[in-house]
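Peer 1: Okay, so the sequence shown: first residue is 2 according to our numbering, each after it adds one. Here it is, the structure, as structure tokens.
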Amino acid sequence: MGSVYPLWIEKLIFILIILSGIYAGTVLQDHLSGASLWLSWFCGIPLAILVLTEGIGRLLQTKLAN
């Protein structure tokens, strides 16, 4: 096996991405309204958070596990 994977880095990045998503939701409120705002809040931002977290986590696993 490889070295111990530093999970705290991934958790820190996850928290930063969540905070960025909250900030993006408040910024989108100034630019969108109605159904498009609700779709971005409940579908777009959570999906973007999921994709970013998974991508960065896998990148960290490949770079740091070696």
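Glycine residues also receive a C-beta, built at the ideal position from the N, C-alpha and C atoms.
Going by Cα to Cα distance, which pick from 12, 62, 51 is closest to residue 22?
Peer 2: For the purposes of this step, residue 22 is taken as the residue at position 21 of the sequence shown. The shortest Cα separation from residue 22 among 12, 62, 51 belongs to 51.
Peer 1: Taking the alpha helix (DSSP H) that residue 26 belongs to, which residues open and close that run?
Peer 2: Position 25 of the sequence shown, counted from the start, is the residue given in the question as residue 26. Unbroken alpha helix (DSSP H) run through residue 26: 8-32.
Peer 1: Can you have a look at residue 73 and say buried or exposed, based on whether 16 or more other CB atoms are within 10 angstroms of its CB?
Peer 2: Residue coverage of the chain in this structure runs from 2 to 67, which leaves residue 73 outside it and unanswerable.
Peer 1: With distance defined between alpha-carbon atoms, name the residue in 26, 63, 57 nearest to residue 45.
Peer 2: The residue given as residue 45 occupies position 44 in the sequence shown. Residue 26 is the option with its Cα nearest to residue 45.
Peer 1: Where does residue 35 fall in DSSP's three states?
Peer 2: The residue given as residue 35 occupies position 34 in the sequence shown. Coil, per DSSP.
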